[in-house]
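A.B. asks: Take this structure first; my questions come after.
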Amino acid sequence: MAQGSAVEGPAMPLAARIKWLRIAVLALAVARAVAGAYMLLSPQRGEEVRPVEVECRAGLLIPLYAYPMPTRELVRLREEYPGLPIIVIVNPSNGPGSKLDAARYAGAVEELRAANITMVGYVYTSYTRRSLRDVERDVERYASWYELDGVFVDEVTCDDNASHLDYYRRIAEYARSQGLKLVIANPGTWAAEEYFGIFDIVVIWENPRYPPPDDLSRYRGLRDRAAVLVYGQESLDPQALRELIDNVKWIYITNDGGENPWDTLSTHLGEMAREIAEASAP
């Protein structure tokens, strides 16, 4: 048989041809309907995000100790919720690391700040055991090498010991003198009210479970300066999240766990933003 030739067979009866033609037309119509529904229901690449225009009562404080940083997800979140305050904590190497680290993070930091996301750098204090000079050196490096808005001071004491308070007061004052105006403290537990006079935001809970509502309510008068970080949550508890929104301004809940529960972005990010926006709607 020559290539491209066709074999002639007996002619199909007219009634049969009409039947098959109807079937073909019906199949084409069904295929087009299915394709249209898919296009309507499926997000398209490059599709414009429809922003939720509401000024949110609460915001996200996101420890993101990861490289490379997942900037795309955060920028998209900002586009969808322009009224949602977002702070991201960057931690290149248990602190600012080297100039090489700063160069690696520069693009991500610039992209997130351009999206109106506040960026702060991680500094640890070992509950006042670390020398002030070493802490100040980290602050200096953040101020010199990175384009940041502030610092996140970790391993902070929670008592009202005068020497402890003086130690942290000096760190906060030094950071602000270097142009890092937003200074956040992380005792990670219930802290004396004096810390709220030193720092702009105080993390009063860092734990793999939600804080008890009765204990949480004690900070209601300091709500705008209080933060809660919860990790190891496979699913989001909407009722617990609403309790947090009522009592603290800064929230983050992640499914991440293990030794470093802050090395990936929470899978609950979109749900948290939506719940905060709904709780903020007039």
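FYI, in our numbering the residues of the sequence shown are 980 to 1261. Don't be surprised by glycine CBs; every beta carbon is placed ideally from N, CA and C. Computed from a predicted model, the values in this text were never measured in an experiment.
#1: Quick check on the burial criterion: 16 or more other C-beta atoms within 10 angstroms. Buried or exposed for Ala1206?
#2: Can you look up Gln982 in the DSSP assignment and give me helix, strand or coil?
#3: How far does the beta strand (DSSP E) with Trp1229 in it extend, from its first residue to its last?
#4: Do Tyr1060 and Ala1258 have their C-beta atoms closer together than 7 angstroms?
#5: Answer yes if the stretch 1125-1137 comes into contact with the stretch 1030-1037, meaning at least three C-beta pairs across the two stretches below 8 angstroms, and no otherwise.
#6: Using a Cβ-Cβ cutoff of less than 6 angstroms, which residues in the same chain neighbour Pro1094 once the five nearest sequence positions on both sides are dropped?
#7: Does the Cβ of Ala1014 have 16 or more other Cβ atoms within 10 Å, making it buried, or fewer, making it exposed?
#8: Quick one: what does DSSP say Tyr1103 is sitting in, helix, strand or coil?
#9: Within its chain, find whatever has a CB closer than 6 angstroms to the CB of Tyr1106; leave out the 5 residues flanking it on each side and keep chain order.
#10: If we ignore side chains and look at the alpha-carbon of each, how far apart do Val1182 and Ile1232 end up?
#11: Hey, Val1069 and Met1098 are a contact pair by Cβ (cut 8 angstroms); roughly how many whole angstroms apart?
#12: Relative to the ligand NAD, is the shortest distance from any of its heavy atoms to the C-beta of Glu1052 smaller than 6 angstroms?
#13: Which ranges would you report for the beta strand (DSSP E) in the stretch 1142-1212 if only whole runs of at least 3 residues count?
#14: Following the continuous beta strand (DSSP E) through Asp1133, name the residue where it begins and the one where it ends.
#15: Between which residues of its own chain and Glu1250 is the CB-CB distance below 7 angstroms, once the five residues before and five after are set aside?
#16: Report the residue from Gly1158, Asn1186, Gln1157 and Ser1156 whose alpha carbon sits nearest the alpha carbon of Pro1166.
#17: Need the endpoints of the beta strand (DSSP E) that Pro1042 sits in, please.
C.D. replies: Well, looking at it:
#1: buried
#2: Residue confidence for Gln982 is low, a pLDDT of 34 falling below 50, so the modelled location carries little weight; the figure read from the coordinates is stated next. Residue state, collapsed to three classes: coil.
#3: Trp1229 to Ile1232
#4: no
#5: no
#6: Strictly speaking, residue 1094 in this sequence is Ala, with Pro absent from that position. Closer than 6 angstroms at the Cβ level, and outside the excluded window around Ala1094, lie Val1054 and Arg1057.
#7: Because the pLDDT at Ala1014 is just 40, under 50, the model does not fix this residue reliably, and the point stays unresolved.
#8: strand
#9: Glu1134 and Thr1136
#10: 13 angstroms
#11: 6 angstroms
#12: No copy of the ligand NAD occurs in the structure displayed, which carries no ligand at all.
#13: 1161-1165, 1180-1186 and 1205-1209
#14: Gly1129 to Asp1133
#15: Leu1215
#16: Asn1186
#17: Gly1038 to Leu1043
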